[in-house]
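Participant: Be aware that the sequence shown starts at 224, since it is given in this note's numbering, and climbs by one per residue.
From the three backbone atoms N, C-alpha and C, an ideal C-beta is built for every residue, glycine too.
Sharing a structure, written as structure tokens. Questions coming.
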Amino acid sequence: MSHDFTEKSRRRKNQVANFYRSDKILPMTNHAIRRTSQRKISQQAILATLRYGKKLHRTGSVFFTLRKKDVAMEPELRPFAGTTLLVAKDGVIITAYMNKNSHSIIKKKPKRRANR
Numbered sequence: 224m225s226h227d228f229t230e231k232s233r234r235r236k237n238q239v240a241n242f243y244r245s246d247k248i249l250p251m252t253n254h255a256i257r258r259t260s261q262r263k264i265s266q267q268a269i270l271a272t273l274r275y276g277k278k279l280h281r282t283g284s285v286f287f288t289l290r291k292k293d294v295a296m297e298p299e300l301r302p303f304a305g306t307t308l309l310v311a312k313d314g315v316i317i318t319a320y321m322n323k324n325s326h327s328i329i330k331k332k333p334k335r336r337a338n339r
């Protein structure tokens, strides 16, 4: 049993080591590009959120939030905690913002959009 834990830990460390070598990022809307620039959200923060963040399906979109517990073992990713991305169903980043409480707020949203 402890072997599984050490193997997972080793894989996690390798993922973090390879994190900065990866430059793949989802396409972004003009709004998302403007907001990330205004809010000083780096490409590394976006990549960390997509890779290690919690994925939530709410209101017809997908939210990725990077919580403190997601980066607890990776000190180099701690400054990115609180990064939240709103991603459309087709995989385009709609917007990005920083809010350390966003996970609990997003969990309370309805899973589907209300019919209007």
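Measuring CA to CA, which of Ile248, Val294, Phe287 and Tyr275 is closest to Arg328?
Facilitator: Note on identity: in this sequence residue 328 is Ile, with Arg being the wrong assignment. With distances taken between Cα atoms, Ile328 lies closest to Phe287.
Participant: Please state if the CB of Thr306 and the CB of Thr272 are separated by a distance shorter than 8 Å.
Facilitator: Yes. Within cutoff.
Participant: List in chain order: all unbroken beta strand (DSSP E) runs of 3+ residues lying wholly within the region 296 to 320.
Facilitator: With a minimum length of 3 residues, the continuous beta strand (DSSP E) runs that stay inside the region 296 to 320 are 306 to 310.
Participant: Compare the beta carbon distance of Val294 and Phe303 with 8 Å and say whether it is the shorter of the two.
Facilitator: Yes, the pair counts as a contact, with Cβ atoms nearer than the cut-off.
Participant: In this structure, how does DSSP classify Ser284 when only helix, strand and coil are distinguished?
Facilitator: Strand.
Participant: Can you round the beta-carbon distance between Ile248 and Ile269 to whole angstroms, since I take them to be within the 8 Å contact cut?
Facilitator: Indeed they touch by this definition, with Cβ atoms about 6 Å apart.
Participant: Below 7 Å CB to CB, which residues in the same chain sit around Ile264 once its five sequence neighbours on both sides are set aside?
Facilitator: Around Ile264: Thr306, Ala319 and Met321.
Participant: Using the DSSP secondary-structure output, state which residues sit across from Lys277 in a beta bridge.
Facilitator: In DSSP, Lys277 forms a bridge with Thr288.
Participant: Classify His254: buried if its beta carbon has 16 or more other beta carbons within 10 angstroms, exposed otherwise.
Facilitator: Exposed, because fewer than 16 other Cβ atoms sit within 10 Å of the Cβ of His254.
Participant: Would you kindly check if the distance between the Cβ of His326 and the Cβ of Arg290 is under 8 Å?
Facilitator: Contact flag set, yes.
Participant: In its own chain, which residues sit with a C-beta less than 6 Å from the C-beta of Ile316, not counting the 5 before and 5 after it?
Facilitator: If we look at Ile316 and ignore the five residues flanking it on each side, its Cβ neighbours are Leu249, Met251, Ala255, Leu308 and Val310.
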